[in-house]
Amino acid sequence: MVNALIEQFKNFSKNNTFGHIDLPKQQKDAFTEFILTDKIKKELSAASYEAAAISAAIDMENNAIRVYGERAAEATDPEEKALFAWLSDWEKTHHQVLLDIDKELKEQVWSDNSFWPF
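If you use the working numbering, the sequence shown corresponds to residues 133 to 250, in order.
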(Lines of atoms letter the chains of each structure in order from A; the text may use other names.)
(Lines give C-alpha, C1' and ligand atoms only; values in the text may rest on other atoms or scores of the structure.)
Protein backbone atom coordinates (compact mmCIF):
# COMPACT_ATOMS: atom_id res chain seq x y z
CA MET A 133 0.00 0.00 0.00
CA VAL A 134 2.57 2.55 1.09
CA ASN A 135 4.95 1.67 -1.73
CA ALA A 136 2.19 2.11 -4.30
CA LEU A 137 1.35 5.55 -2.94
CA ILE A 138 5.03 6.53 -2.83
CA GLU A 139 5.46 5.51 -6.48
CA GLN A 140 2.42 7.52 -7.56
CA PHE A 141 3.60 10.53 -5.56
CA LYS A 142 7.06 10.38 -7.14
CA ASN A 143 5.61 10.06 -10.63
CA PHE A 144 3.09 12.85 -10.14
CA SER A 145 5.72 15.15 -8.59
CA LYS A 146 8.11 14.55 -11.48
CA ASN A 147 5.74 14.37 -14.47
CA ASN A 148 2.51 15.95 -13.21
CA THR A 149 0.68 12.80 -14.32
CA PHE A 150 -0.29 9.50 -12.77
CA GLY A 151 1.92 6.61 -13.82
CA HIS A 152 0.98 2.98 -14.26
CA ILE A 153 1.73 0.89 -11.19
CA ASP A 154 0.58 -2.55 -10.18
CA LEU A 155 -1.78 -1.94 -7.29
CA PRO A 156 -1.93 -4.75 -4.73
CA LYS A 157 -5.20 -6.64 -4.38
CA GLN A 158 -7.34 -5.57 -1.43
CA GLN A 159 -7.82 -8.09 1.32
CA LYS A 160 -8.88 -8.17 4.93
CA ASP A 161 -6.02 -7.42 7.29
CA ALA A 162 -4.70 -10.76 8.51
CA PHE A 163 -3.37 -9.20 11.69
CA THR A 164 -6.62 -7.65 12.93
CA GLU A 165 -7.56 -10.63 15.08
CA PHE A 166 -4.14 -10.54 16.73
CA ILE A 167 -4.24 -6.82 17.40
CA LEU A 168 -7.89 -6.46 18.32
CA THR A 169 -8.00 -9.18 20.96
CA ASP A 170 -11.01 -10.37 22.95
CA LYS A 171 -9.59 -8.53 25.95
CA ILE A 172 -9.58 -5.24 24.06
CA LYS A 173 -13.09 -5.86 22.74
CA LYS A 174 -14.31 -6.48 26.28
CA GLU A 175 -12.70 -3.25 27.45
CA LEU A 176 -14.28 -1.36 24.55
CA SER A 177 -17.73 -2.66 25.34
CA ALA A 178 -17.34 -1.50 28.94
CA ALA A 179 -16.71 2.11 27.92
CA SER A 180 -19.29 3.87 25.79
CA TYR A 181 -16.92 6.57 24.59
CA GLU A 182 -14.79 3.96 22.82
CA ALA A 183 -17.93 2.66 21.13
CA ALA A 184 -18.64 6.23 20.04
CA ALA A 185 -15.10 6.42 18.64
CA ILE A 186 -15.75 3.28 16.59
CA SER A 187 -18.96 4.83 15.30
CA ALA A 188 -17.09 8.00 14.35
CA ALA A 189 -14.41 5.92 12.61
CA ILE A 190 -17.13 4.14 10.61
CA ASP A 191 -18.44 7.55 9.50
CA MET A 192 -14.93 8.65 8.49
CA GLU A 193 -14.46 5.48 6.45
CA ASN A 194 -17.83 6.13 4.76
CA ASN A 195 -16.63 9.61 3.83
CA ALA A 196 -13.28 8.33 2.54
CA ILE A 197 -15.03 5.69 0.41
CA ARG A 198 -17.34 8.36 -1.01
CA VAL A 199 -14.57 10.91 -1.70
CA TYR A 200 -12.23 8.40 -3.35
CA GLY A 201 -15.12 6.88 -5.30
CA GLU A 202 -16.20 10.29 -6.59
CA ARG A 203 -12.63 11.14 -7.55
CA ALA A 204 -12.33 7.83 -9.41
CA ALA A 205 -15.60 8.50 -11.25
CA GLU A 206 -14.56 12.04 -12.21
CA ALA A 207 -10.99 11.19 -13.27
CA THR A 208 -10.20 11.21 -16.96
CA ASP A 209 -6.67 9.84 -16.58
CA PRO A 210 -6.95 6.02 -16.46
CA GLU A 211 -4.12 5.73 -13.92
CA GLU A 212 -5.69 8.36 -11.67
CA LYS A 213 -9.03 6.55 -11.97
CA ALA A 214 -7.38 3.23 -11.05
CA LEU A 215 -5.58 4.74 -8.05
CA PHE A 216 -8.69 6.33 -6.57
CA ALA A 217 -10.81 3.24 -7.21
CA TRP A 218 -8.13 1.21 -5.44
CA LEU A 219 -8.05 3.64 -2.50
CA SER A 220 -11.84 3.42 -2.24
CA ASP A 221 -11.62 -0.39 -2.13
CA TRP A 222 -8.85 -0.17 0.47
CA GLU A 223 -11.05 2.00 2.69
CA LYS A 224 -13.87 -0.53 2.28
CA THR A 225 -11.70 -3.15 3.98
CA HIS A 226 -11.24 -0.83 6.99
CA HIS A 227 -14.95 -0.08 6.96
CA GLN A 228 -15.84 -3.77 7.10
CA VAL A 229 -13.44 -4.39 10.00
CA LEU A 230 -15.03 -1.54 11.95
CA LEU A 231 -18.55 -2.79 11.17
CA ASP A 232 -17.58 -6.25 12.40
CA ILE A 233 -16.18 -4.78 15.63
CA ASP A 234 -19.29 -2.67 16.14
CA LYS A 235 -21.59 -5.64 15.58
CA GLU A 236 -19.62 -7.90 17.90
CA LEU A 237 -19.54 -5.31 20.68
CA LYS A 238 -23.25 -4.61 20.32
CA GLU A 239 -24.09 -8.31 20.52
CA GLN A 240 -21.86 -8.67 23.58
CA VAL A 241 -23.67 -5.82 25.35
CA TRP A 242 -27.02 -7.39 24.46
CA SER A 243 -25.87 -10.76 25.75
CA ASP A 244 -24.50 -9.26 28.97
CA ASN A 245 -27.86 -7.57 29.56
CA SER A 246 -30.03 -10.51 28.41
CA PHE A 247 -31.52 -8.33 25.67
CA TRP A 248 -32.32 -9.49 22.15
CA PRO A 249 -34.16 -7.08 19.84
CA PHE A 250 -35.69 -9.78 17.69
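Glycine included, each C-beta is placed from N, C-alpha and C at the ideal position.
Margin query: So, under 8 angstroms CB-CB, G151 and E212 are touching, yes? Tell me the CB distance rounded to an integer number of Å.
Written below: The pair is not a contact, with the Cβ atoms about 10 angstroms apart (cut-off 8 angstroms).
Notebook entry, point to check: Under the three-state reduction of DSSP, which class applies to A207: helix, strand or coil?
Noted result: coil
Check: If we count Cβ pairs, one from each stretch, closer than 8 angstroms, do we get three or more for the stretch 220-231 versus the stretch 189-199?
Finding: yes
Item checked: I138 - containing alpha helix (DSSP H), residue span -> 134-147
Note to self: One question on the structure: do I233 and I186 come within less than 7 angstroms of each other, judged by their Cβ atoms?
What the structure shows: yes
Checklist line | Coil, strand or helix - W248 by DSSP | finding: Here W248 sits in coil by DSSP.
Item checked: Proximity of A189 and L231 at Cβ, strictly below 7 angstroms -> Not closer than 7 angstroms, so no.
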